[in-house]
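Have a look at the structure below, then the notes.
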Amino acid sequence: MDQLERLNRLPLRDDLRGQHPYGAPQIDVPVLLNVNENTFGVPLDAKEAILKAVADELEGLNRYPDREFTELRRALAAYLGHGLTEANVWAANGSNEVLQQLLQAFGGPGRTAMGFPPTYSMYPLLASGTGTAYLAGVRTQDFLLTAESAAAQVRAAAPNVVFLCSPNNPTGTALGLDVVRAVYEAGEASQAIVIVDEAYAEFAHDGTPSALTLLPGRPRLVVSRTMSKAFALAGARLGYLAAAPEVCDAIRLVRLPYHLSAITQATAVAALRHSDALLANVEAIKVQRDRIVVELGGLGLAPARSDANFVFFGGVADPQAVWEALLADGVLIRDVGIPHHLRVTAGTEAETTAFLDSLRRALGH
Ligand SMILES: *Cc1c(COP(=O)(O)O)cnc(C)c1O
Numbered sequence: 233m234d235q236l237e238r239l240n241r242l243p244l245r246d247d248l249r250g251q252h253p254y255g256a257p258q259i260d261v262p263v264l265l266n267v268n269e270n271t272f273g274v275p276l277d278a279k280e281a282i283l284k285a286v287a288d289e290l291e292g293l294n295r296y297p298d299r300e301f302t303e304l305r306r307a308l309a310a311y312l313g314h315g316l317t318e319a320n321v322w323a324a325n326g327s328n329e330v331l332q333q334l335l336q337a338f339g340g341p342g343r344t345a346m347g348f349p350p351t352y353s354m355y356p357l358l359a360s361g362t363g364t365a366y367l368a369g370v371r372t373q374d375f376l377l378t379a380e381s382a383a384a385q386v387r388a389a390a391p392n393v394v395f396l397c398s399p400n401n402p403t404g405t406a407l408g409l410d411v412v413r414a415v416y417e418a419g420e421a422s423q424a425i426v427i428v429d430e431a432y433a434e435f436a437h438d439g440t441p442s443a444l445t446l447l448p449g450r451p452r453l454v455v456s457r458t459m460s461k462a463f464a465l466a467g468a469r470l471g472y473l474a475a476a477p478e479v480c481d482a483i484r485l486v487r488l489p490y491h492l493s494a495i496t497q498a499t500a501v502a503a504l505r506h507s508d509a510l511l512a513n514v515e516a517i518k519v520q521r522d523r524i525v526v527e528l529g530g531l532g533l534a535p536a537r538s539d540a541n542f543v544f545f546g547g548v549a550d551p552q553a554v555w556e557a558l559l560a561d562g563v564l565i566r567d568v569g570i571p572h573h574l575r576v577t578a579g580t581e582a583e584t585t586a587f588l589d590s591l592r593r594a595l596g597h
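As structure tokens, this is what we get:
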């Protein structure tokens, strides 16, 4: 009996039968450009500050951590600005956990969450894990979403939760705030919680406004962020949200007590004190991102406008073959399962060069 058969004999929930776990490949190759990490790493002075902060926590490690992680919430609010205070901020182990907690509080059996694919692949998985039905909205042929279309779809579906990803993963393009405003209004009838996932906000082109500016007067609006991308801290697992204080109170009903370890809290607070150093490479990454867009266009491919640290590109005759050819050269990128498209993370200049050289060879240029 193989493991799948043994799994099928377990008394697993019916709605989880036949499902597949999230599984971006974790392959050990020299150039890793497949999960949109910040490949520059953590600067030395930030690393030293984190090491000291963690060491200082060891003395009290026999005690439970601050359940309210107040110092961290205060530091996150100060980083976000926009007049936010710790009462507006919540955090968890990655924004994935933040989104899961939101679904635990506002989704669940008998309720629906709506997203607009292609978008972040975790939304349907988080919905499934929390017993929330997932409704897939539609975009235009070139993967864009207009305010009129999004609002009409939300009005028709009357979901309990809406995910708007801006900049959108995997396409990279930011949404205009007109879309957020229109979806919020369209969600009035079903009292939808509207989550704007801004995991890549720090990489947006200058002048791209954040949905944080829309929070005043919108108690059903939530903006989620993460330290996994711009802050180069994917391994630390720290995501957060900004919303009305009562949204944070709703999450307190479902969160596990002490879900943020003392080590995580100390790491994130120390990192935020060094946010300038940690974010210093964002501009360099944006330069490589824009370079990829220009060079892919020159190769006759069709890169999407990107406000993120990755580029989604079409015009690939055989994505699987190109993905494999790059891997053979030690360059791992992402096949997101959309015909004729691939996605690549913008890394250092050297990594970007390795990617472009390998891609040229793969395409026979
Ligand atoms: C990477 C990513 C996240 C971040 O996940 P973490 O759990 O914070 O590491 C959230 N949303 C989107 C769209 C992402 O691409």
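Following the numbering used here, the numbering of the sequence shown begins with 233 at its first residue and continues without gaps. Just so it is clear, CB atoms sit at the ideal spot from N, CA and C, and this is done for glycine as well.
Does the beta carbon of residue i fall short of 6 Å from some heavy atom of ligand 1?
i	result
Tyr352	yes
Thr458	yes
Gly326	yes
Cys397	yes
Asn401	yes
Gly471	yes
Asp508	no
Ala462	no
Asp234	no
Ala431	yes
Closest to residue i by C-alpha separation, out of the options, would be which residue?
i	options	result
Asn513	Glu289, Phe272, Ala278	Phe272
Gly313	Ala443, Asp481, Val526, Ala503	Ala443
Asp298	His506, Ile495, Pro350	Ile495
Ala468	Asp481, Ala502, Ser538, Ala476	Ala502
Gly562	Leu308, Leu528, Met459, Asn266	Asn266
Phe544	Arg457, Ala406, Leu358	Ala406
Pro275	Gly255, Leu511, Pro551	Leu511
Gly471	Leu244, Glu430, Leu531, Pro262	Glu430
Gly342	Ala390, Leu564, Arg295, Asp589	Ala390
Gln333	Ala516, Ala560, Arg484, Ala582	Arg484
Ala436	Leu331, Ser398, Asp508, Arg371	Ser398
Phe463	Asp277, His506, Leu492	His506
Arg450	Glu291, Ala418, Gln552, Leu465	Ala418
Thr364	Gly255, Leu591, Thr344, Gln235	Thr344
His572	Gln336, Val548, Val554	Val548
Gln373	Phe348, Arg238, Pro243	Phe348
Arg457	Asn328, Glu527, Phe301	Asn328
Leu367	Val386, Phe375, Ala379	Val386
Val286	Leu308, Ser493, Arg452, Arg413	Ser493
Asn270	Asp481, Arg521, Ile570, Val526	Arg521
Val263	Leu595, Trp555, Ala509	Trp555
Phe338	Glu478, Asn268, Glu581, Asp539	Glu478
Leu293	Ala498, Ala475, Leu588	Ala498
Gln336	Glu291, Pro350, Glu280, Ala482	Ala482
Ala384	Pro350, Asn400, Met346, Asn401	Met346
Gly404	Asp508, Ile427, Leu447, Gly546	Gly546
Pro257	Leu559, Leu588, Ala582	Leu559
So residue i is in the beta strand (DSSP E); what residue range does that whole segment cover?
i	result
Tyr355	Per DSSP, Tyr355 belongs to no beta strand (DSSP E); it is in the alpha helix (DSSP H), 354 to 361.
Arg249	Looking at the DSSP string, Arg249 is not in any beta strand (DSSP E), and its letter there is neither H nor E.
Arg575	574 to 577
Val367	Here residue 367 turns out to be Leu, not Val, going by the sequence shown. Per DSSP, Leu367 belongs to the beta strand (DSSP E) from 365 to 368.
The alpha helix (DSSP H) with residue i in it runs from where to where?
i	result
Ala278	276 to 290
Ile259	Note, Ile259: premise wrong, no alpha helix (DSSP H); not H, not E.
Ser590	581 to 594
Ala494	494 to 505
Asn240	235 to 241
Ala482	477 to 484
Say the cut is 6 Å; is the CB of residue i nearer than that to a heavy atom of ligand 2?
i	result
Gly471	Because ligand 2 does not appear in the structure shown, any question about it cannot be addressed here, the ligands present being ligand 1.
> Which residue spans inside the stretch 509 to 571 form an unbroken alpha helix (DSSP H) run of at least 4?
Replying inline: Runs found: 514 to 530, 551 to 560.
> Where are the alpha helix (DSSP H) runs, 4 residues long or more, that stay fully inside the stretch 383 to 470, in chain order?
Replying inline: The stretch 383 to 470 contains these whole alpha helix (DSSP H) runs: 409 to 418.
> Enumerated in chain order, which unbroken segments of the beta strand (DSSP E) with a length of 3 residues or greater are wholly contained in the stretch 309 to 345?
Replying inline: 321 to 324
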